[in-house]
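Comments concern the structure below.
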Amino acid sequence: MKNHQLLFFFIINFVLITGCTKKLEYDFKPQAPKLVISSILVPDSLIKVYVSSTQSILSNKNTTINNALVLLYEGNKVADTLVSKGNGLYTYANKHLALEGELYKIIAYANGFDSIFSEVTIPNTVMINSAHAICPYGYTQNNEPYTLFELTINDVPNEENFYELVLYLKQPRLPYQFATMADFKTNDNILINEGDIDYINYSSSLLISDKLFNGKTVTITCQFSNYNTQIGADKYFALRYVSQSYYKYKKYLLRHQYNQNTSSTLDDPLQLLFSGEPSNMYSNVKNGYGVFVGYNSTIEKVPFN
Numbered sequence: 004m005k006n007h008q009l010l011f012f013f014i015i016n017f018v019l020i021t022g023c024t025k026k027l028e029y030d031f032k033p034q035a036p037k038l039v040i041s042s043i044l045v046p047d048s049l050i051k052v053y054v055s056s057t058q059s060i061l062s063n064k065n066t067t068i069n070n071a072l073v074l075l076y077e078g079n080k081v082a083d084t085l086v087s088k089g090n091g092l093y094t095y096a097n098k099h100l101a102l103e104g105e106l107y108k109i110i111a112y113a114n115g116f117d118s119i120f121s122e123v124t125i126p127n128t129v130m131i132n133s134a135h136a137i138c139p140y141g142y143t144q145n146n147e148p149y150t151l152f153e154l155t156i157n158d159v160p161n162e163e164n165f166y167e168l169v170l171y172l173k174q175p176r177l178p179y180q181f182a183t184m185a186d187f188k189t190n191d192n193i194l195i196n197e198g199d200i201d202y203i204n205y206s207s208s209l210l211i212s213d214k215l216f217n218g219k220t221v222t223i224t225c226q227f228s229n230y231n232t233q234i235g236a237d238k239y240f241a242l243r244y245v246s247q248s249y250y251k252y253k254k255y256l257l258r259h260q261y262n263q264n265t266s267s268t269l270d271d272p273l274q275l276l277f278s279g280e281p282s283n284m285y286s287n288v289k290n291g292y293g294v295f296v297g298y299n300s301t302i303e304k305v306p307f308n
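Set out below in structure tokens:
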């Protein structure tokens with residue numbers, strides 16, 4: 004079967020390479036470059052902002068910017084002028100930590116660019132009722148155990164809330180590592196309504212909005228393999244209470260990564276030829292691009308039944 008797939012792959016490549024071609028005239032009009040910022044704010048952590056710029060597809064110049072003026076507001080007051088540390092990184096001059104529930108605004112200026120602006124409020128402490136896992140709950144076709152994961156959330160009423168569930172592994176004397184959810188499946192209406200099921204396989208997180216359970220207590224369930232097979236590793240979950248801009252950014256990123264799949268496996272030769280439609284990325288930066296978002300997180304060890 005593998006030989007047939009490999010033969011099919013080379014036939015398709017031969018047709019594409021030797022097929023008829025047509026020269027198209029294209030009047031390339033370069034766009035003015037814009038500033039790009041990237042920052043994720045977390046309570047009790049130093050604020051870091053990366054500044055770069057867009058560039059033409061015909062250019063190979065370094066896009067990092069180290070001479071920008073970056074002003075950070077806490078509420079409506081200037082909190083600090085961020086200091087360049089090189090490679091496009093800007094941080095607090097006085098090592099001030101981000102605060103939960105606080106509104107932060109950022110304005111960046113650089114010669115030759117329009118000034119850019121963005122803002123975000125860091126969510127308050129996330130509320131968790133309970134979470135546990137059952138493994139083995141079943142087995143995949145490859146005889147790998149399925150893990151059933153159940154998470155109960157007490158949602159804050161009368162406001163839109165957004166969450167991210169992240170899975171981690173922790174080996175002794177090593178830092179946390181992301182765990183991936185292989186063979187993901189669920190019958191949970193909340194997760195199905197998110198529209199992410201086709202993109203989740205081998206992702207390390209789930210995005211959840213309270214559109215279907217605003218102000219209620221709900222239990223969200225799903226199944227996946229590859230989580231309880233790491234011998235000697237403790238398993239943890241983090242429930243993040245995320246800003247709406249973070250939620251949208253991760254939604255777009257999930258699809259972008261899926262559509263840019265560059266797997267080189269020959270099990271599916273078509274994967275090498277067709278990687279899906281390109282996906283635009285989300286931005287909440289005015290007059291520029293990038294993201295300025297935030298989240299609050301609680302991490303706990305996963306109890307297994």
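Residue numbers (this note's numbering): 4 to 308. The C-beta atom is built at its ideal place from N, Cα and C for all residues, glycine as well. This one's a predicted model, so the numbers in the text were calculated from it and none came from an experiment.
Locate the alpha helix (DSSP H) running through Asn299, then write down its first and last residues.
No alpha helix (DSSP H) holds Asn299; the beta strand (DSSP E) holding it covers 292-304.
Spatial neighbours of Glu147 within its chain, please: CB distance less than 6 Å, with the 5 preceding and 5 following residues excluded, ordered by chain position.
Ser228
List the endpoints of the continuous beta strand (DSSP E) containing Lys137.
Reading the sequence as shown, one finds Ile at residue 137 and not Lys. Unbroken beta strand (DSSP E) run through Ile137: 131-142.
Chain-order list of residues whose beta-carbon lies under 8 Å from that of Tyr149 (same chain, five-residue window excluded):
Cys138, Pro139, Tyr140, Gly141, Tyr142, Thr143, Asp186, Gln226, Phe227, Ser228
Roughly how many angstroms lie between the CA atoms of Ser48 and Asn145, to the nearest whole one?
42 Å
For the alpha helix (DSSP H) containing Leu106, name the first residue and the last one.
Not the alpha helix (DSSP H): Leu106 falls in the beta strand (DSSP E), residues 106-112.
Would Ile81 and Leu74 be called neighbours here (beta carbons separated by less than 8 Å)?
Looking at the sequence provided, one finds Val at residue 81 rather than Ile. In contact: Val81 and Leu74 (Cβ atoms closer than 8 Å).
Mapping the DSSP letters down to three states, classify Val288 as helix, strand or coil.
coil
Please say whether Ile223 and Ile156 have beta carbons closer to each other than 8 Å?
yes
Tell me where the alpha helix (DSSP H) around Ser248 begins and ends.
247-262
What number of angstroms, rounded off, separates the C-alpha of Asn299 from the C-alpha of Ile125?
7 Å
Residue range of the alpha helix (DSSP H) that Asp201 falls in?
200-203
CA nearest to the CA of Phe181, picked from Phe216, Leu172, Lys188:
Leu172
Could you compute how far the alpha carbon of Leu257 sits from the alpha carbon of Asn283?
11 Å
Can you confirm whether Tyr292, when its beta carbon is compared against all beta carbons of chain B, has any partner nearer than 8 Å?
Absence of chain B from the displayed structure is noted, only one protein chain being present.
Count Cβ pairs between the stretch 121-135 and the stretch 63-70 that sit closer than 8 Å; are there 3 or more?
Output reads no: the stretch 63-70 does not touch the stretch 121-135.
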